[in-house]
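Below is one structure; the comments refer to it alone.
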Amino acid sequence: MRVPARMTAMVCEAPGAPLVRRDLDVPRPGAGEVLLAVLACGVCRTDLHLVDGELPDPRLPVVPGHEIVATVAAAGPGVAGLAVGQRVGVPWLGWTCGACRYCRSGRENLCERARFTGYTRDGGYAEFAVADSRFCFALPGGLDAVHAAPLLCAGLIGYRSYRMAGEGVERLGLYGFGAAAHILCQIAAREGKRVFAFTRAGDEAGQAFALRLGAAWAGDSTQAPPEALDAAIIFAPVGALVPAALRAVAPGGTVVCGGIHMSEIPAFPYAILWQERTLRSVANLTRADGEELLERAASLGVRTEVQAFPLAAANEALAALRSGALRGAAVLEVTRGEARP
Ligand SMILES: [Zn+2]
Ligand SMILES: [Zn+2]
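Right, dumping it as structure tokens:
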């Protein structure tokens, strides 16, 4: 494809302020990197935390976006296994050192020098992006770019949280029924789990959405579930849900915090943690998680529900996510050239 010299990007220049539309040079891929023509980029709650200044040490200015579906437009020297014209997905984990104790022990998600797409590397809120070719996923066919995008973080972090919830879970609680939960609910229900979905109090539309996607029960996060849970995953960035979820899980149960940021967790009595309940977080992803999730989402026929916005409307997409009004996931759809004034 013909690569232009300039591109439109939505840029985070200062946390606390809206993204700014900029005309930038199209980046050049270095050794081992590919230039990607972005087709779609999912809007993740982490992007909202970045824009709101809730994440430490962002590299500014930065182009957010870490759920990229794109076509390989050009390859830098030394790229193996990817061809120009191929469709790929790019996740949050953008680069790892390969040498630290975490990288050497199958835990590259905790790499001490990791770089993250749309946070410490430029991401996909742009017409073009550069990615390390080793961190691009081949995407299953059958899903268009806009519907595939939410799998790359919401799907993936949800899936890692699901794995960390442990083996043998029959009754799984999901707190916060947004992009991640709407994907994971389908996977868990199709694997025979009974899913209990917790939404903001009074969000009847969200509860109906959860039931439609296979949840066995849906209610307010202030409610106790009708039976004790084996595990619960908290996707909403609300610290008060931690004691609520600990109270909802049976002895031996696990509570997983799936987000990168959460408001302060209120003090709680030891009794709700005792009896071998486990409280843990999930950070980032490994490439193995990504391959497993993409394969499983395809084989189980997971369908994402998306609300598409043009690239230039990234601030509106973030506002929709913030308001809680979205069903499923917000995705920026990139129409090259047309995004330009
Ligand atoms: Zn490392
Ligand atoms: Zn994300």
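Heads up: the sequence shown begins at 3 in the numbering used here, then just goes up one per residue. Even glycine gets a Cβ: it sits at the ideal position worked out from N, Cα and C.
Might you give, ordered along the chain, the residues of its own chain that have their beta carbon closer than 7 Å to the beta carbon of residue i, omitting 5 neighbours on each side?
i, result
"A42", "V71, A147, V148, A151, V333, L334, E335, V336"
"L50", "L320, L323, R324"
"P6", "V28"
"E266", "G241"
Using a Cβ-Cβ cutoff of less than 8 Å, which residues in the same chain neighbour residue i once the five nearest sequence positions on both sides are dropped?
i, result
"P60", "C14, P17, L52, Y121, T122"
"R30", "L37, G78, V132"
Whose CA, out of the options, lies closest to the CA of residue i?
i, options, result
"L112", "G125, T98, D124", "T98"
"I159", "A199, L95, K195, S107", "L95"
"L174", "G208, A217, G326", "A217"
"F139", "G326, G83, E172, D232", "G83"
"R115", "R202, S135, G100, Y127", "G100"
"T306", "F211, I262, R30, D124", "F211"
"G260", "L186, E172, G326, S135", "L186"
"G32", "P20, G78, T73, P58", "G78"
"G208", "L328, V74, Q225, T224", "L328"
"I274", "E294, A246, E293", "A246"
"L153", "M3, R8, E293, M9", "E293"
"G157", "F311, E35, A299", "A299"
"H68", "I236, R202, D124", "D124"
"T224", "C105, F200, G255", "F200"
"E206", "V197, K195, W219, G194", "W219"
"N118", "A76, L57, R4", "First, the amino acid is wrong: residue 118 is Phe here, not Asn. The candidate whose alpha carbon is nearest that of F118 is L57."
"A75", "L213, P63, Q88", "Q88"
"G254", "D232, F237, H263, M264", "D232"
"L215", "S135, K195, P20, M3", "K195"
Between residue i and the rest of its own chain, which residues show a CB-CB distance below 6 Å, the 5 nearest in sequence each way excluded?
i, result
"R162", "V284, L287, D291"
"V22", "V13, E15"
"A11", "R24, L26, V65, A128"
"V244", "I267"
"A252", "A230"
"H263", "H51, E56, P239"
List the whole-angstrom C-beta distance separating residue i from residue j, where the pair is believed to meet the contact cut-off of C-beta under 8 Å.
i, j, result
"R279", "F137", "That pair is no contact at about 35 Å."
"L281", "L248", "7 Å"
"L176", "A167", "At roughly 10 Å, the Cβ-Cβ gap does not stay under 8 Å, so L176 and A167 are not in contact."
"A131", "V40", "6 Å"
"V92", "G126", "7 Å"
Regarding residue i and ligand 3, is the C-beta to nearest heavy atom distance less than 7 Å?
i, result
"R123", "Ligands displayed in this structure: ligand 1 and ligand 2; ligand 3 is not among them."
(request) Starting from the N-terminal side, write out each stretch of the beta strand (DSSP E) that is 3 residues or longer and does not extend beyond the segment 112-168. (result) 130-134
(request) Can you check the segment 296-326 for any alpha helix (DSSP H) of at least 4 residues that lies completely inside it and give the ranges in chain order? (result) 316-325
(request) Give every residue whose Cβ lies closer than 5 Å to any heavy atom of ligand 2, listed in chain order. (result) The set of residues with CB atoms less than 5 Å from any heavy atom of ligand 2 reads, in chain order, C46, T48, C155.
(request) Just jot down, in chain order, the residues whose CB lies closer than 5 Å to any heavy atom of ligand 1. (result) Listed along the chain, these residues meet the criterion: T98, C99, C102, C105, C113.
(request) With a floor of 3 residues, list each beta strand (DSSP E) that falls wholly inside the segment 43-79, ordered by position along the chain. (result) 70-77
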